[in-house]
Amino acid sequence: MGCIQSFRQCCDRPKNTNVRISLPAVCFVWQIAMIILFGIFIRYNEESDAHWIEHKTSKNISSNIENDYYFRYPSFQDVHVMIFVGFGFLMTFLKRYSFGAVGFNFLIAGFGLQWALLMQGWFHSLDPMDGKIKIGVESMINADFCVASCLIAYGAVLGKVSPVQLMVMTLFGVTLYAVEEYIILSLIHARDAGGSMVIHTFGAYYGLSISWMLYRPNLDQSKHRIGSVYHSDVFAMIGTLFLWMFWPSFNSAISDHGDGQHRAAINTYLSLAATVLTALAISSLSQKTGKLDMVHIQNATLAGGVAVGTAAEFMLMPYGSLIVGFCCGIISTLGYIYITPFMEKYLKIHDTCGIHNLHAMPGVIGGIVGAITAAAASEDVYGKEGLMNTFDFTGEWKEMVPTRQGGHQAAGLCVALCFGIGGGIIVGCILRLPIWGDAPDNSCFDDEIYWELPEDEENNPPTVEYNNHMRNKAVTIKFLSGTVRADARA
Amino acid sequence: MGCIQSFRQCCDRPKNTNVRISLPAVCFVWQIAMIILFGIFIRYNEESDAHWIEHKTSKNISSNIENDYYFRYPSFQDVHVMIFVGFGFLMTFLKRYSFGAVGFNFLIAGFGLQWALLMQGWFHSLDPMDGKIKIGVESMINADFCVASCLIAYGAVLGKVSPVQLMVMTLFGVTLYAVEEYIILSLIHARDAGGSMVIHTFGAYYGLSISWMLYRPNLDQSKHRIGSVYHSDVFAMIGTLFLWMFWPSFNSAISDHGDGQHRAAINTYLSLAATVLTALAISSLSQKTGKLDMVHIQNATLAGGVAVGTAAEFMLMPYGSLIVGFCCGIISTLGYIYITPFMEKYLKIHDTCGIHNLHAMPGVIGGIVGAITAAAASEDVYGKEGLMNTFDFTGEWKEMVPTRQGGHQAAGLCVALCFGIGGGIIVGCILRLPIWGDAPDNSCFDDEIYWELPEDEENNPPTVEYNNHMRNKAVTIKFLSGTVRADARA
Amino acid sequence: MGCIQSFRQCCDRPKNTNVRISLPAVCFVWQIAMIILFGIFIRYNEESDAHWIEHKTSKNISSNIENDYYFRYPSFQDVHVMIFVGFGFLMTFLKRYSFGAVGFNFLIAGFGLQWALLMQGWFHSLDPMDGKIKIGVESMINADFCVASCLIAYGAVLGKVSPVQLMVMTLFGVTLYAVEEYIILSLIHARDAGGSMVIHTFGAYYGLSISWMLYRPNLDQSKHRIGSVYHSDVFAMIGTLFLWMFWPSFNSAISDHGDGQHRAAINTYLSLAATVLTALAISSLSQKTGKLDMVHIQNATLAGGVAVGTAAEFMLMPYGSLIVGFCCGIISTLGYIYITPFMEKYLKIHDTCGIHNLHAMPGVIGGIVGAITAAAASEDVYGKEGLMNTFDFTGEWKEMVPTRQGGHQAAGLCVALCFGIGGGIIVGCILRLPIWGDAPDNSCFDDEIYWELPEDEENNPPTVEYNNHMRNKAVTIKFLSGTVRADARA
């Protein structure tokens with residue numbers, strides 16, 4: 003800890019928030035790198051290549067509707083909305099950081115999905131014949147998934163970092179994600195349809211570790227901006243609802259064709275419904291007069307979707323989904339009430355959006371539920387073929403049995419945790435370097451720093467000056483954007 | 003009427019809006035009941051069960067794409083957006099009730115869909131072999147439909163009831179809905195693809211009757227809050243547009259595979275387009291200077307979708323759809339101008355969102371249009387197989403002919419009306435009991451009552467105090483959230 | 003130019019913004035005309051007609067899932083969202099023109115799509131057997147596409163025209179669109195999946211020409227309203243994001259089944275991602291302190307989708323898409339910084355939304371990229387069948403070769419340009435007539451003119467009066483909607 007402390011001091015030089023060189027430089031260099039790497043590595047897969055028509059004949063595929071595009075594209079678009087509108091607007095709740103929330107979310111996602119296509123391609127879909135990565139609709143969904151983990155991490159540091167830091171965080175986040183995903187899904191052979199472990203647990207602990215490394219002891223100076231105004235809370239509900247509604251598509255997007263996708267959607271639908279009720283109940287209970295808190299409605303209502311992610315494609319049973327949602331609504335809301343303040347005070351982790359309650363805890367629960375459900379699977383419930391199909395007991399995993407699969411699921415969860423925490427600490431150290439243009443402690447959560455703001459009377463409370471000279475009295479009401487002046491003679 | 007009057011007086015005790023015990027209690031008890039009932043009754047259907055792969059082989063289904071999921075899931079997601087974002091944001095127009103609009107909408111829908119799966123399951127999809135309800139994507143759509151009727155009812159009482167009352171209203175609303183739906187669709191064998199009768203007519207009269215029973219003679223005290231501000235009207239347009247755009251999916255979601263869904267989408271698309279023009283025309287005509295009224299744009303433009311609901315899957319013909327939309331745009335807008343004030347003044351029915359104009363009248367029109375279109379159906383237009391297919395003249399209804407079907411449609415409309423009005427009156431009586439925590443007459447339409455509100459300068463007009471003592475003069479501008487003070491010496 | 007000048011003077015009579023007669027008249031007459039024309043001409047096509055079940059048997063179609071509805075409906079709904087929410091909200095950025103942006107967008111689209119179904123039907127899908135137009139899901143997509151070109155044109159004149167002018171503009175715009183589309187796609191046999199030429203180039207130059215003809219030298223009087231406020235910029239981001247996210251559906255909606263749709267979605271997805279990075283980079287570079295400008299984020303990030311439109315279904319290759327997006331992000335942002343002010347100052351073209359940067363330039367680039375990609379196509383890359391399939395080298399175009407196809411693509415671009423500019427000038431002349439109810443120069447960009455506005459404290463900066471009489475001093479803060487008064491005695 004002493005070493006961390008001294009590193010911290012070394013980094014605490016006066017802040018310069020000018021990103022005029024660094025931000026364009028990073029964007030251009032990385033985008034050019036993407037073009038070169040895409041040129042070398044990335045090609046269309048069989049289903050999106052113009053040779054599809056020949057491929058179809060050779061494989062005896064009867065109709066174009068068998069193209070994977072028609073199985074997955076509607077889900078892809080729903081996931082896409084979650085990434086850009088869902089995550090983006092969920093973070094607009096701060097009174098003066100809506101531009102940063104939705105704008106930097108856009109930037110992170112735009113870069114992240116390109117890098118994810120490459121990283122995931124190298125691990126998962128490298129064609130051994132020609133050394134190229136072959137992409138299709140499933141690659142796009144996976145790229146969006148990967149980006150989701152970085153956006154979750156952004157939630158922890160919202161308002162406290164510069165766009166350049168976010169780009170660096172995304173570069174490393176995507177890289178780490180691709181590696182842990184490969185280890186969990188391919189090497190360990192854990193199943194994780196909705197990414198409770200791979201996306202949420204990893205992303206949340208990655209973000210929290212970074213936030214811990216970037217801890218600002220004097221953040222109190224920006225305290226008055228950590229809050230919402232009436233309309234910003236309504237904007238945030240746009241994000242909440244699009245996440246909530248499309249979560250069944252998220253959890254089912256890359257499940258098996260047929261019953262797998264169907265079941266994942268049903269389980270998620272039910273789990274989320276139960277979460278709404280318990281989150282509201284706890285929110286109401288926690289206030290003296292039973293009033294509801296928008297923070298809980300905006301966030302805790304989503305916990306059920308996270309927690310049912312891994313088990314969504316399993317035979318969790320409808321009541322099982324409700325139980326998962328029931329518990330997570332309670333735990334997540336209690337997290338906002340008790341754990342977030344605790345973490346800030348004692349663990350020195352400031353978590354702007356409360357991702358610990360929305361993604362970290364429910365993600366871990368999701369991993370555990372997945373492990374238990376997998377271990378409890380039986381031919382009775384799944385059928386012989388159904389069991390093989392659902393858990394992919396084929397090829398080298400032909401001899402796998404459900405109980406062992408449960409163990410592998412648990413191992414997967416541990417890997418996600420390690421990558422999240424370990425990776426976050428290392429990346430957090432890098433981000434402490436005083437070269438990234440982040441805001442000083444008294445200018446956090448303020449769009450003023452990185453955005454040209456419109457002149458905007460309504461958001462600046464007027465200040466009043468009163469000069470009473472002998473003859474002339476003037477009442478001046480100053481708005482930041484101008485001054486209305488009225489003179490009067492005595 | 004005298005009896006109602008005395009009952010009213012008995013109920014008019016001072017209001018206590020503290021829901022800290024009742025709201026969490028209702029949420030927890032009902033959610034636990036749901037879990038138990040789901041555990042006993044609800045299972046996956048053949049298409050979402052892991053046995054699908056065996057089922058597929060046994061039924062000679064050639065491809066996973068034949069799973070009903072791929073026929074209906076995109077429509078389901080559109081309907082889902084209508085329920086949560088569409089209805090939720092449509093009601094955000096009030097200047098200080100946006101949290102309640104979108105938040106309680108969320109609560110109602112989250113609870114309602116679970117209860118709807120059970121109620122509808124008992125009536126429609128109980129497997130006689132094992133006594134279980136088998137659910138799939140169509141069940142989720144139907145549950146969302148059922149919830150829609152309760153959300154329509156919420157529109158009539160928006161801002162005047164407590165969340166606990168809304169939960170009770172939803173419990174009974176879903177129950178009544180399932181029964182009337184069973185009578186109309188199964189016993190009477192009426193067709194109602196888009197639910198003009200089953201959803202809209204029922205839901206609207208249910209809500210209006212409740213609003214009548216809950217009439218507040220002194221609502222004038224909250225009059226200044228029944229209105230919009232500039233931004234709240236823009237928020238409401240989000241709701242309007244998502245309802246408008248996805249209505250073709252709503253009306254086609256549970257139609258027959260193939261031409262049924264295709265035709266329902268086209269008819270709805272056309273009807274809605276015509277409504278936009280006539281609603282705007284009447285809105286402009288109704289003002290001295292031809293200005294448009296946002297209330298009409300937000301609501302009356304949707305009437306065409308309601309009115310084409312029943313007939314959407316019939317051979318209504320494109321021009322028929324336009325005519326329906328044309329008329330409903332006029333009627334609905336005139337309703338906002340003349341009927342809503344009339345109802346409030348003379349019938350003692352206060353209808354916050356004007357659901358009588360958007361759902362009740364167009365719903366009845368839709369039922370009538372459906373009856374006429376069904377009665378006029380002929381083998382000429384539909385083809386022999388097409389007629390049987392569209393009207394489901396199979397099994398015990400093999401001998402049915404179009405003219406008689408028209409009669410059955412009309413009978414269905416009457417059932418929907420009776421259930422709506424009758425059910426609403428009874429539930430309204432229950433909701434008058436002074437135990438539900440609803441707001442006093444001077445605090446309606448105010449989020450303050452049930453929500454922790456952010457400190458929010460911009461929405462509180464400043465008050466000015468001026469103290470001119472001999473030497474010191476201070477102008478103080480007070481905001482509810484703080485005071486800006488400036489002193490000056492003479 | 004002299005003739006234009008004198009025509010201008012003749013038109014510059016005092017403005018009367020009362021549209022109480024003209025707007026309803028136009029809406030009613032045109033809607034009734036639509037009903038009559040639909041009655042005469044429009045019928046369901048084979049796939050949406052009740053005879054589908056017989057057609058299916060006769061054509062040996064094995065399953066309902068082969069109905070075109072299931073190939074295209076999800077894309078249709080995404081396009082529908084782009085038209086109504088995307089375009090509508092993108093234009094809400096002005097501080098006092100959000101109602102007009104989203105409301106008139108709604109009106110234009112509602113009328114335009116009906117007229118487009120007729121116009122496009124006459125040219126493309128007239129059944130020679132019975133002289134009827136047969137519509138299905140593809141017709142709805144094409145109608146939405148056609149409307150898009152009119153909404154693009156609206157962007158240039160936003161805030162400066164009356165709703166009646168917009169209706170006239172749409173009537174002619176749709177007509178011109180249908181003709182140029184027929185020439186480009188059918189006569190010239192150019193391919194244009196995403197409409198870079200047909201939709202964007204045409205629409206943008208149509209709007210710019212109209213804006214040129216309607217040039218207002220004294221628009222400075224409304225200058226203070228050409229700007230955003232904080233929340234209106236967030237609303238505009240809703241439009242931006244829905245356009246951005248669903249653009250892959252836009253470009254793939256009417257591509258070939260199978261690999262065509264699949265590839266178009268991938269190319270667009272990649273192109274748009276690259277655009278985000280370069281648009282942000284240039285935006286940051288253009289400001290002294292590296293701050294980002296919301297105008298660029300809202301608009302320039304979309305340019306990549308426009309520019310990849312024509313070539314989206316070709317084998318552009320993933321890196322090719324990135325290059326297109328990369329260049330367009332730069333060009334479009336530079337356009338906002340340098341070209342828009344230049345056009346206003348020297349060319350007398352005022353372009354409210356900067357459609358020249360978002361649609362015109364990227365559209366032309368898209369046409370050129372399409373021509374080059376087509377000319378460079380080879381059997382090597384596409385396969386023999388793939389080449390025929392992608393470029394539709396069938397029927398009378400059997401002998402076509404890629405290099406000649408490239409020439410045809412270029413010819414198509416020229417046609418789009420001619421129709422846009424020529425049509426715009428003619429329609430602009432018509433719109434200058436002083437009978438359309440447009441606003442005077444000092445009332446542009448103000449919803450006050452055509453909308454009933456809510457009383458709305460927060461948007462009216464207070465004015466202060468101070469009266470210091472001998473004994474009584476009063477500070478009065480006046481809001482337009484009321485006065486807060488405080489008196490004090492000396």
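Residue numbers (the working numbering), protein chains in the order written: chain D, 3 to 492; chain Y, 3 to 492; chain G, 3 to 492.
We put the beta carbon where it would ideally sit given N, CA and C, even for glycine.
Treat the numbers as computed from the prediction; the structure is a model and nothing was measured.
What whole-angstrom Cβ distance do residue i and residue j have, given they're in contact under 8 angstroms?
i                      : j                      : result
residue 369 of chain D : residue 206 of chain D : Actually they are not in contact, since the Cβ atoms of residue 369 of chain D and residue 206 of chain D sit about 12 angstroms apart, beyond 8 angstroms.
residue 1 of chain G   : residue 236 of chain Y : Any answer about residue 1 of chain G is impossible in this case: the structure gives chain G only from 3 up to 492.
residue 138 of chain G : residue 77 of chain G  : Actually they do not touch by this definition, with Cβ atoms about 14 angstroms apart.
residue 157 of chain Y : residue 355 of chain Y : 4 angstroms
residue 256 of chain D : residue 414 of chain D : Not a contact, Cβ separation roughly 16 angstroms.
residue 146 of chain Y : residue 82 of chain Y  : 6 angstroms
residue 259 of chain Y : residue 66 of chain G  : 4 angstroms
Would you check if the distance between the CB atom of residue i and the CB atom of residue j is smaller than 8 angstroms?
i                      : j                      : result
residue 309 of chain Y : residue 367 of chain Y : yes
residue 417 of chain D : residue 201 of chain D : no
residue 164 of chain D : residue 280 of chain D : no
residue 272 of chain Y : residue 304 of chain Y : no
residue 277 of chain D : residue 337 of chain D : no
residue 21 of chain D  : residue 439 of chain D : yes
residue 349 of chain Y : residue 203 of chain Y : no
residue 195 of chain D : residue 148 of chain D : no
residue 96 of chain D  : residue 227 of chain D : yes
residue 372 of chain G : residue 198 of chain G : yes
residue 110 of chain Y : residue 172 of chain Y : yes
residue 216 of chain Y : residue 170 of chain Y : no
residue 134 of chain Y : residue 248 of chain Y : no
residue 455 of chain Y : residue 286 of chain D : no
Using only CA atoms, which one of the options lies nearest to residue i?
i                      : options                    : result
residue 1 of chain D   : D:301, D:447, D:384, D:446 : Lying before the first or after the last residue shown, residue 1 of chain D is absent from chain D, which here runs from 3 to 492.
residue 430 of chain Y : Y:181, Y:168, Y:354        : Y:168
residue 243 of chain Y : Y:258, Y:266, Y:299, Y:53  : Y:299
residue 85 of chain Y  : Y:103, Y:396, Y:451, Y:297 : Y:103
residue 330 of chain Y : Y:347, Y:362, Y:319        : Y:362
residue 46 of chain G  : Y:307, Y:98, Y:319         : Y:319
residue 404 of chain G : G:125, G:107, G:374        : G:374
I want to check one thing, is the minimum distance from the CB of residue i to the heavy atoms of the ligand GDP below 7 angstroms?
i                      : result
residue 233 of chain Y : For the structure depicted, the ligand GDP is absent and the ligand set is empty, with no information on it obtainable.
Just list the residues that DSSP pairs residue i with in beta bridges.
i                      : result
residue 453 of chain G : Y:294
residue 129 of chain Y : Y:134
residue 45 of chain G  : G:136
Complete beta strand (DSSP E) runs within the stretch 29-78 of chain Y (minimum length 3 residues, chain order): 44-46
Ignoring anything shorter than 3 residues or poking outside the stretch 116-200 of chain G, list the beta strand (DSSP E) runs there in chain order. 134-137
Give the list of continuous alpha helix (DSSP H) stretches no shorter than 4 residues that lie fully inside the stretch 367-425 of chain Y. 381-384, 386-393
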